[in-house]
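Quick note: the sequence shown, position 159, residue 159 per my numbering, numbers continuous.
Structure, as structure tokens:
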Amino acid sequence: MIWSPLLQPIKNRYLAYFARKVVHATFPEKYFIQYMKKQQNPFGKATYTLTFDFDFEKDIDAFPYLLDMLKEHEIKAGFAVIGKFVEKYPSIHKRAVAEGHEIINHTYTHPDNPHWAPERFFNKLSYAEQKEEAEKAHNIFRKVLGIDCIGFRTPHYGNLHTESVYPILAELGYKYSSSTAACGYKGYGAPTVHSHGIVEIPTGCSAHFPMAIFDSWNMLRKKNPFLGNDELFIKEFDETMQIVAEEDLFLTHYFDPYDIINNSKLESILKILNKYNVNTVLYKDFF
Ligand SMILES: [Zn+2]
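Below you can see the structure in the form of structure tokens.
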């Protein structure tokens, strides 16, 4: 058994950092299984939600190929997109909607995008500014794509996420936010209800790095990445999904489109999901 305080959310960031070092260096897979098995999986069987964040023009460039691949493997996904890009590139976003994928509100400008909104941190914006970012994107999705969005993702996640966005989301009629990291968080990676009735769906980790977010930046791109190469990245995804399938867990990840299409990573991920016969759902299927 793992010392149970380690399986609780750790608020202090230094303690969390230390716990992550210890867990990752000693018994990560055991921790992952014990932690995730505590979750109340709303579907009761192995379920996965695949999502993508569109932050840069190069993500838009990857969009057609991404849609082709998802169609070929018959998997639906969630796309956290920004209002600014929907205005600029309406047709590719319309195609995503027409093919049954879910649009997630990722704000209008994606503060603090280094190209057009640097140093504009979402959690430092006023209530009115946060509201404007969410509402403007929402109205563009409605006008251009003909949809009433029900979900939100804070730009840069956990770091810039703030609970002050929940009343704004409730006012817009939203059901969920997917803006936090699964591990060390209540719900053990499964969705949980927060203030104003908003359900938070944290994005997930992987079997050997249960206290990190499993995304391409953490695993491959940052200085001293957890994995560092594409082959290990796919191996980690495969081993994680095998556990998800065996233990009937719920897991969700997000990936950067421009990065995930390189070196056939996306294709490998889709094949793995089909190989383990994991049920894939959209966030909106929770409601
Ligand atoms: Zn983003």
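Even for Gly, the Cβ is constructed at its ideal location relative to N, Cα and C.
Note that this is a predicted model, so its numbers are computed, not measured.
- Summarising the contact set, residues whose Cβ lies nearer than 6 Å to any heavy atom of ligand 1 are, in chain order, Asp53, Asp55, His106, His110, Pro155.
- Sequence-distant Cβ neighbours of Glu267 in its own chain, meaning closer than 7 Å and more than five residues away, are Met69.
- For Asp53, the enclosing beta strand (DSSP E) stretches over residues 47-53.
- It is roughly 6 Å from the alpha-carbon of His161 to the alpha-carbon of Asn123.
- Counted as a single uninterrupted DSSP element, the beta strand (DSSP E) harbouring Ala80 occupies residues 78-81.
- For Asn263, same chain residues with a beta-carbon under 6 Å away, outside a window of 5 residues either side, are Asp230 in chain order.
- Looking only at Lys88, Phe250, Ala207, Thr109, the smallest Cα-Cα distance to Thr26 is reached by Ala207.
- In the three-state DSSP reduction, Gly197 falls in the helix class (H, G or I).
- The DSSP-derived three-state label of Glu102 is strand.
- With a cut-off of 8 Å on Cβ pairs, the region 13-33 is in contact with the region 202-216, counting three or more such pairs.
- One alpha carbon belongs to Phe18, the other to Ile260, and they sit about 30 Å apart.
- Each of Leu15, His101, Asn41, Pro90 was checked against the Cα of Leu50, and the nearest Cα belongs to His101.
- Shown here, Ser179 sits in coil according to DSSP, grouped into three states, outside any helix or strand.
- As the crow flies, the alpha-carbon of Lys131 is around 42 Å from that of Glu246.
- Distance from the Cα of Gln34 is smallest, within the candidate group Lys265, Met219, Asp248, for Asp248.
- Around the beta carbon of Asn41, 16 or more other beta carbons lie within 10 angstroms, which makes this residue buried.
- Secondary structure note for Tyr188: it is in no beta strand (DSSP E), with a DSSP letter that is neither H nor E.
- Taking 8 Å as the cut-off, the beta carbon of Ile92 is found closer than this to the beta carbon of Phe63.
- Counting along the chain, the unbroken beta strand (DSSP E) around Tyr254 starts and ends at 250-255.
- One thing to note: Thr107 has its Cβ no nearer than 8 Å to the Cβ of Trp116.
- Restricted to the region 6-40, the alpha helix (DSSP H) segments that are unbroken, complete and at least 4 residues in length are 13-26, 28-37, listed in chain order.
- Beta-bridge partners of Ser206 (DSSP): Phe209.
- Ser126 sits exposed, since fewer than 16 C-beta atoms from the chains shown fall within 10 Å of its C-beta.
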